[in-house]
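Under my numbering, the first residue of the sequence shown carries the number 23, and numbering increases by one thereafter. Note that the Cβ used here is the ideal one computed from N, Cα and C, for glycine as well.
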Amino acid sequence: MSSESSVVASSHSFSLGRIAIIGAGAVGCYYGGRLAQHGHDVHFLMRSDYEIVTREGMQITSPQGDVQLKVNAHRSPEEIGPCDLVIIALKVTANEALLDLIPPLLHEGTLLLTLQNGLGNEEFLAEHFGAERVLGGLCFVCINRLAPGVIHHLAQGRINLGEHTRAPLPRTHAIAQAFRDSLIDCQVVESLAAARWQKLVWNIPFNGLSIAAGGIDTAAILADPTLENRVRELMTEIIQTAAALGHQLPEGLVHDMIERTRTMQAYKPSSLIDYLEGREVELEAIWGQPVRQAAAAGLAMPKVQALYEELSGAIRGPQAAGC
């Protein structure tokens, strides 16, 4: 039996089994911590946080209730060993590291679930590890990492989960149910590509304008009529582009996303935090790749292109100067 057929066949009796978390920042620790809290065998790859988390455990503060967890932390993927499910929450800018991190975690039936932002992540994993293994999840959540092993969950938390390049399988529904059983709202989507474009409708304007407008949070963006209008224009252009590419997004999405964002109050998007703390921003995955995908189909995204160019100057300028 081929590797692809064996993984597909195993999907009919799939259980989460042993889980590895690659990328133990806010997203990886929050979702991995919830799975561990509810009895799943979760193993976190940690570097700088390893000693503190090993000694003090992981803490999640949340409107759903605070929890202190003793978790399985490891310094290397070799220490973790082969797993049934690898959840990837690493920043897209570090994707090349996955070429070394993932192989020690694989057995014939290992599945790879990326919770990363932007476009192109499933394609990267499929190219290097086989398309039959790959799933993707879009996280709609307000979370921050306050300190090593300390995660503050502010609001939301939904994951839209789908298969790479195909319709959902029994394994897709099994993973979604395991998340739901662990206090995580998780919905299976028929088209992962459409779900990725839907996530960009929020990520492109709010992550982008938070940096381009001088380091401001979502509440400040929506308090400025000019910036709110720009949010609406960007969202509309993304929705129209997605439709032209064959991804029809829900009616009323602009209104719904903006109104939900108002409930976040003064939330700092992840790209803004990366920028303010001097870390590399996921510029290409969130802003560059959508423009390039549209251009390859003969479509222009002038408003997104303009924001991409603004961000390129803002982000690459300080980096080039060594700041």
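| Check | Outcome |
| --- | --- |
| Could you work out which residue in 73, 69, 80 is closest to residue 51 when comparing CA atoms only? | 80 |
| Can you give the Cα-Cα distance for residue 270 and residue 312, rounded to whole angstroms? | 16 angstroms |
| Less than 7 angstroms between the C-beta atoms of residue 106 and residue 40, yes or no? | yes |
| Exposed or buried, what is residue 359 when buried is set at 16 or more other beta-carbons lying within 10 Å of its beta-carbon? | With the chain covering only 23 through 345, there is no way to say anything about residue 359. |
| Between the alpha carbons of residue 186 and residue 204, how many angstroms are there, rounded? | 24 angstroms |
| Using a Cβ-Cβ cut-off of 6 angstroms (strictly less than) and excluding sequence neighbours within five positions of residue 163, which residues of its own chain qualify? | 178, 179 |
| Please determine if the region 204-213 and the region 112-127 are in contact, where contact requires at least 3 C-beta pairs separated by less than 8 angstroms. | no |
| Alpha carbon to alpha carbon, how far is residue 38 from residue 56? | 14 angstroms |
| On the three-state DSSP scale, how would you describe residue 182? | strand |
| So is residue 98 buried or exposed if we call it buried at 16+ other beta carbons inside 10 Å? | exposed |
| Tell me which same chain residues have a C-beta within less than 7 angstroms of the C-beta of residue 174, skipping the five on either side of it? | 83, 165, 166, 168 |
| DSSP state of residue 303, grouped into three classes? | coil |
| Taking DSSP's pairing of strands, which residues face residue 66 in a bridge? | 43, 95 |
| For residue 117, which residues of its own chain have a beta-carbon under 6 angstroms away from its beta-carbon, when the five flanking residues on both sides are left out? | 146 |
| Starting from residue 107, follow the alpha helix (DSSP H) in both directions and report where the run begins and ends. | Unbroken run through residue 107 is the beta strand (DSSP E), 107-110; no alpha helix (DSSP H). |
| Residues in its own chain within less than 8 angstroms of residue 276 by CB, not counting five upstream and five downstream? | 223, 254, 257, 258, 261 |
| Identify the residues that DSSP records as bridge partners of residue 163: which are they? | 178 |
| Would you mind working out which of 233, 129, 88 sits nearest residue 293, comparing C-alpha positions? | 233 |
| Taking only the alpha-carbon atoms, compute the straight-line gap between residue 279 and residue 227 and give it to the nearest angstrom. | 11 angstroms |
| With a threshold of 16 other CB atoms inside 10 Å of the CB of residue 251, please say whether the residue is buried or exposed. | exposed |
| Which whole-angstrom value describes the C-beta separation of residue 154 and residue 190, a residue pair presumed to lie in contact below a C-beta threshold of 8 angstroms? | No, residue 154 and residue 190 are not in contact; Cβ-Cβ is about 14 angstroms, not under 8 angstroms. |
| Alpha carbon to alpha carbon, what distance is there between residue 133 and residue 299? | 33 angstroms |
| Tell me the start and end of each unbroken alpha helix (DSSP H) in the region 217-257 that is at least 4 residues and wholly inside, in chain order. | 240-245 |
| So residue 136 and residue 304 are in contact, right, with Cβ under 8 angstroms, and what is the actual spacing, rounded? | That pair is no contact at about 13 angstroms. |
| Is the distance from the Cβ of residue 248 to the Cβ of residue 283 below 7 angstroms? | no |
| Distance, Cα to Cα, residue 214 vs residue 202? | 19 angstroms |
| Are the beta-carbon atoms belonging to residue 141 and residue 230 less than 7 angstroms from one another? | no |
| Ends of the beta strand (DSSP E) at residue 210? | 208-210 |
| State the CB to CB distance for the pair residue 181 and residue 108, rounded to an integer number of angstroms; the pair is presumed to be in contact (CB under 8 angstroms). | Incorrect: roughly 16 angstroms between the Cβ atoms, too far for contact. |
| Cβ of residue 75 within 7 angstroms of Cβ of residue 171? | yes |
| Once DSSP output is grouped into helix, strand and coil, what is the label at residue 136? | strand |
| Can you tell me which of the three DSSP states residue 83 falls into? | strand |
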